[in-house]
Amino acid sequence: MGKQFKLHIDPAVTPTVIRHRQVPLHLRSAVEKDLQALEDQVVIEKITGPIPWMLPLVITPKPKQPGAISPCVDMRLPNRAIKRERHITPTMDDIMADRSFRN
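Every position in the sequence shown, counted from 1, becomes a number in the numbering used here once 8 is added.
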């Protein structure tokens, strides 16, 4: 499948639970189909017990595809808990200076 990676979580950030939103009746079959496809691709998995983070599913219709939807989750709150890795990107001056020392 795809690549695996590990997120480093800040334990000082309190997990958030936001109750789910009702899916409009006319979109339920499309939502179930899309969620099943994501589960089949192992992008998501069913949860059977309590979990620390719970965020509502946001359903957005695709503007150029009638009847198609984009299931989304607002990840702003969980993103606060992720410890960011900082990488310094060299500037063009750094690269040129490094090259001049090698010659």
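The beta-carbon is built from N, C-alpha and C at its ideal position, and this holds for glycine as well.
Reference residue i; option with closest CA among the options
| i | options | result |
| --- | --- | --- |
| PRO58 | HIS95, LYS91, THR24 | THR24 |
| ILE67 | ILE96, GLN30, ARG84, ILE26 | GLN30 |
| LEU65 | THR99, ALA89, GLU47, ILE26 | ILE26 |
| LEU85 | MET100, PRO60, GLU53 | PRO60 |
| VAL21 | MET104, THR99, ARG88 | ARG88 |
| PHE13 | LEU33, SER37, GLU93, PRO98 | GLU93 |
| PRO74 | ALA38, PRO19, HIS28, LEU33 | ALA38 |
Integer-rounded CB distance, given that residue j should sit under 8 Å from residue i
| i | j | result |
| --- | --- | --- |
| LYS72 | ILE17 | In fact, because the Cβ distance is near 37 Å, the residues do not count as touching under 8 Å. |
| ASP102 | PRO79 | That belief does not hold up - the Cβ atoms of ASP102 and PRO79 are roughly 43 Å apart, past 8 Å. |
| ASP48 | LEU63 | The Cβ separation is near 22 Å, so there is no contact. |
| ILE55 | LEU46 | 14 Å between Cβ atoms; not a contact. |
| ILE77 | LEU15 | Not really, about 27 Å apart at Cβ, beyond 8 Å. |
Unbroken beta strand (DSSP E) run spanning residue i, endpoints
| i | result |
| --- | --- |
| VAL66 | 65-69 |
| PRO5 | Given a span of 9 to 111 for the chain in the structure shown, any question on residue 5 remains unanswerable. |
| VAL81 | 77-81 |
Range covered by the alpha helix (DSSP H) that runs through residue i
| i | result |
| --- | --- |
| VAL39 | 36-48 |
| PRO86 | 84-87 |
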